[in-house]
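Peer 1:
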Amino acid sequence: MLAKFKQRLRSPQEAPVLDGISLLPSEILGGEIFPLVVHEENYGDLWHRKLLVLARVCTQWRNIVHSTPFLWSHIAINTRQFSGVGRFRRNRFTKKYFEALRMCLARSAPLPVSISIDDGLVFPGDRKDFARAVDLISNAAVRMEVLRINSRRRDDAGVGILRALELILTGAFQALTEIDFVFPSDVALVPFSVMSAPHLRRVKLNAGPDPLKFMSIPWPQLTHLTLAAPPLTCLAVLARCSNLVSAVLHHMYISLPDGNAPTTATLVHLTSLRLTVSSTLIEAVGNLVLPALTMLELICDEEDMIRVWPPLKVFRQLPLHNIQCLMFERFPLVSATLCALLRCTPSVTELKLKGRDCIDNALLNALRADVYWSKPLLPQLEMLSIDWGSVLGDDFDLETLQVMLASRVGVGLRRIVYRGYYHGQVPALVACHVDGLQVDVSGVKRIIFI
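For our numbering, count along the sequence shown from 1 and bump the result up by 93.
#1: Between the C-alpha atoms of proline 323 and alanine 329, what's the straight-line distance to the nearest angstrom?
#2: If we ignore side chains and look at the alpha-carbon of each, how far apart do alanine 358 and proline 205 end up?
#3: Less than 6 Å between C-beta atoms, sequence neighbours within five positions excluded: which residues of the same chain meet that for leucine 111?
#4: Just to confirm, is the Cβ distance from alanine 321 to leucine 298 under 8 Å?
#5: Does the segment 192-206 come within contact of the segment 225-238, defined as at least 3 CB pairs closer than 8 Å?
#6: What residue range does the beta strand (DSSP E) around threonine 545 cover?
#7: Give a yes or no on whether the C-beta atoms belonging to leucine 446 and leucine 460 are separated by under 8 Å.
#8: Mark threonine 152 as exposed unless 16 or more other C-beta atoms lie within 10 angstroms of its C-beta, in which case mark it buried.
#9: Check for me: the beta strand (DSSP E) holding threonine 369 runs from which residue to which?
#10: Is leucine 506 helix, strand or coil by DSSP?
#11: By DSSP's criteria, tyrosine 511 is part of a beta bridge. Which residues make up the other side?
#12: Could you tell me how far apart the beta carbons of leucine 477 and leucine 444 are, in whole angstroms, since I believe they sit closer than 8 Å?
#13: Provide the residue span of the alpha helix (DSSP H) that contains valine 130, from first to last.
#14: Give me, in chain order, the residues of the same chain whose beta-carbon lies closer than 8 Å to that of leucine 381; leave out the 5 immediate sequence neighbours on both sides.
#15: Measure the alpha-carbon distance for aspartate 212 versus leucine 116 and round it to whole angstroms.
#16: Should aspartate 480 go down as buried or exposed, given a rule of 16 or more other Cβ atoms within 10 Å for buried?
#17: Going by the DSSP bridge assignment, what does glutamine 531 pair with across the sheet?
#18: Between serine 201 and isoleucine 157, is the Cβ-Cβ spacing less than 8 Å?
#19: Looking only at its own chain, which residues have a Cβ that is under 7 Å from the Cβ of cysteine 437, when we skip the five neighbours before and after it?
#20: Just the C-alpha distance for leucine 431 and serine 467, rounded to the nearest angstrom, thanks.
#21: Output the boundary residues of the alpha helix (DSSP H) element that contains asparagine 71.
#22: I'd like the list of long-range same chain contacts for asparagine 415, defined as Cβ closer than 7 Å, with 5 residues on each side in sequence excluded.
#23: Going by the CB atoms, is the gap between glutamate 238 and threonine 270 shorter than 8 Å?
#24: When you measure from the CB of glycine 124 to every non-hydrogen atom of the ligand GTP, does any distance come out below 7 Å?
#25: DSSP three-state label for valine 215, please.
#26: Whole angstroms are fine: how far does the CA of glycine 124 sit from the CA of methionine 497?
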């Protein structure tokens with residue numbers, strides 16, 4: 094028997110397949126490994142084909158795929174799926190697509206489902222087929238947990254999606270916890286029953302001049318909010334979300350009427366706030382009482398680089414004293430201004446700097462813990478993240494960086510994270526090492542020019 098087995102090993106045609114994955118229990122395959130293959134971010138236009146590929150590997154895998162509702166619970170609808178070339182090809186593809194859509198809705202039961210609807214500009218597709226698909230998933234409203242709608246079309250097509258959902262009876266969205274809507278700013282939206290969801294907690298809106306008017310969202314029950322709107326409208330919405338934990342506010346520089354900023358409001362649960370910078374928005378945030386705020390991220394959009402920046406006194410209106418995690422992204426600030434701002438944040442333990450404009454030798458020298466002419470910046474700093482953006486430049490030298498790191502290690506600094514791109518040889522920055530300091534270079538990537 095042993096001799097026969099050795100003979101099979103010598104023969105490639107008869108060699109046994111030593112595959113450890115076949116020994117894994119069904120619970121591991123269906124609950125851990127298969128979801129990685131058909132993860133939500135990788136669905137795209139092949140959201141149902143990946144499941145069919147897994148089901149064709151072997152009988153065991155087919156049984157696992159067919160009997161695991163979670164694998165079928167993420168459904169994506171894209172306009173390009175109805176843009177086949179030629180009537181016969183389009184009809185044949187559409188027929189198979191609707192069969193797959195019904196199959197996903199049936200096999201995902203009774204679990205909640207995540208629905209993603211993308212009505213793009215490049216491939217408008219067949220409007221009737223697209224409306225039919227939207228109508229089909231509307232029948233699963235009672236099981237919708239996440240609803241994402243991305244419509245960049247400036248016609249009635251995008252609003253038609255909302256009108257199809259508007260026909261759903263009020264109270265049907267019992268399982269809905271998250272919505273994510275992206276619409277052109279000049280499209281007149283309509284309210285619908287999705288806003289009556291009793292368990293709605295997460296809202297992302299990028300649409301229209303005033304969400305307070307076109308959507309009756311239960312603002313007080315939200316815990317996470319991402320909003321793109323004119324500055325004062327952002328603040329008016331924020332003031333209504335009394336139980337908010339995390340907020341991301343992107344102001345829009347568009348010709349739309351703005352709202353009235355609240356004179357004052359208290360958000361006792363808000364711990365994380367991410368802002369794109371404008372004078373109006375920062376001044377209004379300064380009027381809010383945010384006792385629990387510990388994470389603040391300030392972002393400069395690349396399109397806004399040429400705009401006039403708020404003076405330092407405007408930044409100082411923000412609730413900075415209790416901030417523990419502070420991030421500046423793409424800030425065109427000179428290091429002296431940034432240092433003055435950092436002196437208002439004595440409790441910061443994590444500092445994240447993204448972009449070469451605010452990282453130079455002057456800033457690194459100011460961060461040294463052994464300066465004798467003034468108090469060191471950020472005395473409680475434990476983690477420093479430096480992201481130099483596109484390609485590593487010459488705004489700071491490695492010797493200055495290493496001296497600063499050596500001075501901070503003994504007073505609390507434990508970890509430094511490098512992120513960004515480089516070309517040519519591996520930069521000496523990666524080799525910049527200080528005893529007792531954990532260095533993370535996993536975010537450093539090389540650019541190869543062809």
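Yeah, the Cβ is synthetic: ideal placement off N, Cα and C, and Gly gets one too. These numbers come from a predicted model, not from an experiment.
Peer 2: Checking against the coordinates, here is how it stands:
#1: Separation of proline 323 and alanine 329 (C-alpha to C-alpha, rounded to the nearest whole angstrom) is 10 Å.
#2: Approximately 36 Å between the Cα atoms of the pair.
#3: Below a pLDDT of 50, predicted positions are generally treated as unreliable, and leucine 111, at 49, falls in that range; the measurement from the model is reported next regardless. In its own chain, leaving out the 5 sequence neighbours on each side, no residue places its CB closer than 6 Å to the CB of leucine 111.
#4: Yes, the pair counts as a contact, with Cβ atoms nearer than the cut-off.
#5: Taking one beta carbon from each stretch, the segment 192-206 and the segment 225-238 have 3 or more pairs nearer than 8 Å; the two touch.
#6: Nothing can be reported for residue 545: it is not among the residues displayed for the chain, which extend from 94 to 543.
#7: No; because the gap between Cβ atoms is not below 8 Å, this pair is not in contact.
#8: Exposed is the call here.
#9: Per DSSP, threonine 369 belongs to the beta strand (DSSP E) from 365-369.
#10: In the displayed model, leucine 506 falls within coil according to three-state DSSP, outside both helix and strand.
#11: Answer is Ile479, bridged to tyrosine 511.
#12: Yes, they are in contact, since the Cβ atoms of leucine 477 and leucine 444 sit about 5 Å apart, within 8 Å.
#13: Taken as a continuous stretch (DSSP letters only), the alpha helix (DSSP H) holding valine 130 covers 127-130.
#14: If we look at leucine 381 and ignore the five residues flanking it on each side, its Cβ neighbours are Leu328, Leu331, Ala332, Pro355, Thr357, Ala358, Thr359, Leu360, Pro412.
#15: Distance between the alpha carbons of aspartate 212 and leucine 116: 43 Å.
#16: With 16 or more Cβ atoms within 10 Å of its Cβ, aspartate 480 is classed as buried.
#17: Arg508.
#18: No Cβ-Cβ contact shorter than 8 Å links serine 201 with isoleucine 157.
#19: Only Arg409, Leu413 meet the Cβ criterion.
#20: CA-to-CA, the gap between leucine 431 and serine 467 works out to about 16 Å.
#21: Nothing about residue 71 can be read from this structure; the chain reaches only from 94 to 543.
#22: Excluding residues within five positions, the ones whose Cβ falls inside 7 Å are Leu386, Thr387, Ser440.
#23: Yes, they are a contact pair.
#24: Summarising the ligand content, the structure contains no ligands, and the ligand GTP is consequently not present.
#25: In this predicted model, valine 215 has a pLDDT of only 49, less than 50, meaning its place in the structure is not dependable enough to derive any value.
#26: Approximately 47 Å between the Cα atoms of the pair.
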